[in-house]
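Residue numbers (UniProt numbering): 1 to 549.
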């Protein structure tokens, strides 16, 4: 049957193709559209004033396409190699993670990680034993070997397999340096979306997957016993047009599903923050959110007023979204331009931004907006390497040579060009893998303890936290080796505060010493004068006595 014009949020192919610099731009940073209509314009008024509220009822874990009959619209993608790639040399991201040291401590053994994505295709010797967790697309494929009901074990897009490889790929040290963060973790694959599938007879710009089916997939993953859930999928919509009771953008059911997975099933849910798409006029992931507002740094701070003599002094107390007493805080809920779901459900997820090889958020976007390749927001909790990525390759392209055919560092970009693998889609699996390591090492920890340990041990930005990298770049070895402390407000711990001027130390009492020195000096002076005077007196006496003694 044809797709119904139901008011459900879908992923847009137009928005998803906005970024031509990497896989994340193709798959992750997709946009929410009201049915098949054009994206909404941004409104001048901003309606979002705080964190979202979930529905009371939890969605079911039913595995279905949501009443839509999907079909494959495009050929499956292939993984490629850049001509000068030497897979024996680790990338900067691999070096920064120090996985050799981490794997001496934990490998993720016994931990189940669900990947809600485009499916996972197993790769011999690299990614085997994947559990099929269900298929929310159930499309028909025109290509031989790609059956419709795959149970999640067929990935036409490569996106889900790349994510799975970053989490759990096995090492092959005889051929290359690549290995997943948690190579012994058990992967559960749930195919929920695809950019290459769409409704039969429907708009070719509408891709498979809705927020409704994502909500069902989250509940299903939790019911399958996943201890970690990775979601490298998101949808964006303009904050000025958003009302949570608006059926076009409704994601309260998704919030309820995330709450169920996190609070009732104790799963660590790791989600990608999303990528800025400023170069595409039709994209809704195109407007960057601000970082904290320096002019408002005291307005919502209930614990520390601005010093009257210096109102510009950087001071911030309980101004993080985890501060439930003050949600309209320096983290800038009130000035949001773009809402990203599921990333903004910070109460239940750990949202991941990405950094480039310099360790910084990725510069300025294609439209010239200053900000980050990550769509920032008060919900971002941590960051991980996100460019120059390598992962497993289930479908080598024609240009891939005989060596390292099971790895890819690029995909075709048209006209004989290649595009690298980058973005928050592939930063999130690194954090999910790290969560699996912690869950193996500390099986008694709940999901909050795992998240706090990752955030606490991250390499913090100057203010302790910001809206683009959260608490900073992940440090897996530190997370595995540092002793956890009591629960605390990390912003408070690393806050910059106005300090009083130092009190000068008390001067020591030197008067007795000085008096003694003075007396000694006078005595020496008198002795010296006496010696000088005695010499001419003695000479005079000799002269009077004719030189006789």
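Yeah, the Cβ is synthetic: ideal placement off N, Cα and C, and Gly gets one too.
Measuring straight from C-alpha to C-alpha, what distance separates residue i and residue j?
i	j	result
residue 339	residue 123	36 Å
residue 410	residue 166	14 Å
residue 470	residue 178	27 Å
residue 99	residue 200	45 Å
residue 430	residue 423	12 Å
residue 74	residue 415	17 Å
residue 463	residue 101	29 Å
residue 175	residue 384	25 Å
residue 217	residue 337	28 Å
residue 239	residue 277	16 Å
residue 353	residue 381	8 Å
residue 478	residue 71	46 Å
residue 206	residue 453	39 Å
residue 298	residue 335	Per-residue confidence for residue 298 stands at a pLDDT of 36, beneath the threshold of 50, marking its modelled position as unreliable; the derived number appears in the next sentence. Distance between the alpha carbons of residue 298 and residue 335: 16 Å.
residue 173	residue 61	40 Å
residue 196	residue 158	11 Å
residue 441	residue 105	8 Å
residue 262	residue 268	6 Å
residue 65	residue 223	18 Å
residue 345	residue 171	34 Å
For residue i, name the three-state secondary structure that DSSP assigns.
i	result
residue 483	coil
residue 312	Because residue 312 carries a pLDDT of 38, less than 50, the predicted location of this residue cannot be relied on, and the following value inherits that uncertainty. Coil, per DSSP.
residue 408	strand
residue 333	coil
residue 429	helix
residue 349	strand
residue 57	coil
residue 263	helix
residue 191	strand
residue 117	strand
residue 254	helix
residue 451	helix
Which partner residues of residue i appear in the DSSP bridge assignment?
i	result
residue 354	384
residue 554	What the structure shows of the chain is the stretch from 1 to 549, and residue 554 is not part of that stretch, so it cannot be assessed.
residue 197	72
residue 340	236
residue 473	383, 459
residue 396	79
residue 275	374
residue 414	417
residue 123	127
residue 361	355
Can you tell me where the beta strand (DSSP E) with residue i in it begins and where it stops?
i	result
residue 417	417–420
residue 234	234–238
residue 270	268–272
residue 87	Premise fails: residue 87 is in no beta strand (DSSP E) and is neither H nor E.
residue 210	206–210
residue 62	Note, residue 62: premise wrong, no beta strand (DSSP E); not H, not E.
residue 228	228–231
residue 174	Residue 174 -> no beta strand (DSSP E), and no H or E assigned at all.
residue 135	131–135
Starting from residue i, trace the alpha helix (DSSP H) both ways and give me its first and last residue.
i	result
residue 442	Where residue 442 is concerned, there is no enclosing alpha helix (DSSP H), given that its DSSP letter is neither H nor E.
residue 468	No alpha helix (DSSP H) holds residue 468; DSSP gives it neither H nor E.
residue 161	159–168
residue 93	92–97
Grab me the residues of residue i's own chain with a C-beta within less than 8 Å of its C-beta, minus the 5 sequence neighbours each way, in chain order.
i	result
residue 209	10, 11, 136, 137, 192, 193, 194, 233
residue 401	81
What does a CB cutoff of less than 7 Å around residue i pick up in its chain, not counting 5 residues either side in sequence?
i	result
residue 359	473
residue 396	78, 79, 405
residue 90	177
residue 475	457, 458, 459
residue 361	353, 355, 372, 373, 374, 468, 469
residue 266	446, 447
Who are the Cβ neighbours of residue i in its own chain at under 6 Å, not counting the five residues just before and after it?
i	result
residue 271	231, 342, 343, 349, 351
residue 215	59, 253, 254, 257
residue 388	91
residue 427	352, 354, 384, 386
residue 259	54, 348
residue 120	130, 155, 160, 161, 164, 189
residue 251	211, 341
residue 87	176, 404, 407
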